[in-house]
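> Counting from 1, one number per residue, gives the positions in the sequence shown under this note's numbering.
This structure is in structure tokens; I'll ask about it shortly.
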Amino acid sequence: MKCDFILDTERFQRQGFPEAIYSLGKTEKQVIEIIANLIKKPNPIIATRVEKNLALKIKNKFKKSFYFDKAKIIVINPLKKNGKNYIAVITAGTSDIQTAEESAVTAESLGNNVERIYDVGVAGIHRLFKFNEKIKNASCVVVCAGMEGALASVVGGLISKVVIGVPTSTGYGTGKGGYSALLTMLNSCSPNVCVVNIDNGFGAGIIANIINKNR
């Protein structure tokens, strides 16, 4: 019988981070079978976009799994946190937190310290300035913002570190599900801003992990 998947079991050794299990579009059986194969090695396992019903089944099957409901992530075999360096994860609004948590939990599961700074968007920009020192001292900064997505550029103009912009699908009509925020970040006047795809908290977490580990 033909198998539905071919796992990249050497990715952690090759790149320092595991192949993620993107749960959307997979059956519950497929997700559980993939985890059952990956768990044969002691590497971190990260499953993203995991809804609660599936999470309960995974936790019943794999007792050492952790479910982070805000991030919709399952983690098995997380790495121990090491060192004093940290990643700052910022959101413009409360509605951006799920994407931010996907980023933060991904980074933490790979052994990084994370400082969360939520709900400091440009409509009340004074809230951001209270965290100036914490942001400036981070190894890098992940900024999750929907609507017009301006916060990434603002943060980029305040610090000398890499800012990883994550446009989110938060917003109304012409925001086009995050497309407006994506274009704003791609056209940032702050040259230290790089951008991942809409709602791609996982990708931002991986990039932040690489930057933090190489400082």
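Yeah, the Cβ is synthetic: ideal placement off N, Cα and C, and Gly gets one too.
If the criterion is Cβ atoms closer than 8 Å, does the pair C189 and S153 meet it?
In this structure, S153 lies closer than 8 Å to C189 by Cβ.
> Considering Cα atoms alone, identify which of T168, E28, E108 and N53 is closest to K213.
Residue E108 is the option with its Cα nearest to K213.
> Residue range of the alpha helix (DSSP H) that E33 falls in?
For E33, the uninterrupted alpha helix (DSSP H) segment begins and ends at E28 to L38.
> Could you give the first and the last residue of the continuous alpha helix (DSSP H) run that contains F12?
R11 to Q15
> Looking at V141: is its Cβ nearer than 8 Å to the Cβ of V166?
no
> Can you tell me whether I73 is helix, strand or coil according to DSSP?
Three-state result, I73: strand.
> For N200, I'd like the list of residues in its chain whose CB is within less than 7 Å of its CB, leaving aside the five on either flank, ordered along the chain.
So the qualifying residues of the chain are V166.
> Check whether the stretch 44–57 and the stretch 13–22 are in contact - that is, three or more C-beta pairs closer than 8 Å.
yes
> Using DSSP with H/G/I as helix, E/B as strand and the rest coil, what is T168?
coil
> Which class does V193 belong to by DSSP, given the choice of helix, strand or coil?
Of the three classes helix, strand and coil, the one that applies to V193 here is strand, per DSSP.
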